[in-house]
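Q: If you count by numbering that gives the first Met the number 0, then the sequence shown holds residues 0 to 193, one letter each, in order.
This is the structure I want to talk about, given as structure tokens.
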Amino acid sequence: MIVPTKLKLAKLCPGMETGQLRCSGSRAPRNFPVAVSFIIVISSDCNEGKMLRTVAWQSWTFLPVLALAVASCSSSETVDQQSKLAASTAQAAVLVNDAWLAGAAPSRYASSALQSFAETLADAGRQVESASPSDKAKRDAVAEALSRLSDAAKRAKSAVEAEQHAQAGQAQQELRAAQGDLATAYRQYFSPGR
């Protein structure tokens, strides 16, 4: 069943704001009993896990539905989302570092971008570390790979600022190795035997 939005309900059901739902006429939603007339809006960022607003709450029997909605933002989703964000961020760091090494990107741009990437990777690591895992060792392996990626991006930034191509090349190798570590840790975290 598709639950109409509050705006649609307000047009279809005068008195909704006062709790006196009177859905009538051809515009009333079919199979929409008053007992289930609630709408829950949950933040799109599962890390917050906050219920933003309840429009109308008619019965305590819907607590299991609410619990299910909040539980859908699991630690596995956090690890999945942050790992994917980190993988794309790390690839961007590799590309920027490659461009700088090839002389195709200015130092100020490369340094600024690498700093931003390092911060994003560090934040992803913190998000993963704060997740409540079913397997702490697997979660920690993902967090460690994210930390290595962040550290490598910081080293690349420092090398770019110092105009040290050899150090930037070393940081590039570290970025690629940490990307492989993240991919391995991610696969192990989501392996069927978890």
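Glycine residues also receive a C-beta, built at the ideal position from the N, C-alpha and C atoms.
Quantities reported herein were computed from a predicted structural model and do not represent experimental measurements.
At a cut-off of 7 Å, is Ala155 close to the ligand FAD when judged by its beta-carbon and the heavy atoms of the ligand?
A: Of the ligands one can find in the structure shown there are none, so the ligand FAD has no counterpart to examine.
Q: So, for Ser190: in the same chain, excluding its five sequence neighbours on each side, which residues have a beta-carbon less than 7 Å away from its beta-carbon?
A: Along the sequence shown, one-based indexing puts residue 190 at 191. Hits under 7 Å: none found.
Q: Thinking Ala89 and Gln178 are a contact (beta carbons under 8 Å), I'd like their distance in whole angstroms, please.
A: Against the sequence shown, residue 89 aligns to sequence position 90. Against the sequence shown, residue 178 aligns to sequence position 179. Right, their Cβ atoms sit about 5 Å apart.
Q: Taking 8 Å as the threshold (C-beta atoms), are Ala112 and Val95 in contact?
A: Here residue 95 corresponds to residue number 96 of the sequence shown, with the count starting at 1. Here residue 112 corresponds to residue number 113 of the sequence shown, with the count starting at 1. For Val95 and Ala112, yes; Cβs fall inside 8 Å.
Q: Enumerate in chain order the residues of its own chain whose CB-to-CB distance from Ser131 is below 6 Å, with the five nearest sequence positions on each side excluded.
A: Mapped onto the sequence shown, residue 131 falls at position 132. Closer than 6 Å at the Cβ level, and outside the excluded window around Ser131, lie Ser74.
Q: Look at Ala198 and Ala182 and say whether their C-beta atoms are less than 8 Å apart.
A: Only positions 0 to 193 of the chain appear in this structure, which leaves residue 198 out of reach.
Q: To the nearest angstrom, how far is the alpha carbon of Asp79 from that of Ser106?
A: Sequence index remark: in the sequence shown, residue 79 carries index 80 (1-based). Sequence index remark: in the sequence shown, residue 106 carries index 107 (1-based). C-alpha separation (whole angstroms): 33 Å.
Q: Using alpha carbons as the reference points, say which of Ser110, Ala86, Asp134 lies closest to His164.
A: By one-based count along the sequence shown, residue 164 stands at place 165. Nearest C-alpha to His164: Ser110.
Q: Looking at C-alpha atoms only, which residue of Ala142, Val141, Gln166 is the closest neighbour of Lys153?
A: Looking up residue 153 in the sequence shown gives position 154. Nearest of Ala142, Val141, Gln166 to Lys153, Cα basis: Gln166.
Q: Which of helix, strand or coil does DSSP assign to Ser111?
A: Translated into positions along the sequence shown, residue 111 becomes position 112. It is helical.
Q: Taking all protein chains shown into account, do 16 or more other C-beta atoms lie within 10 angstroms of the C-beta of Tyr185, making it buried, or fewer, making it exposed?
A: As a first step, residue 185 is located in the sequence shown; it is residue number 186 there, counting from the start. Flag for Tyr185 reads buried.
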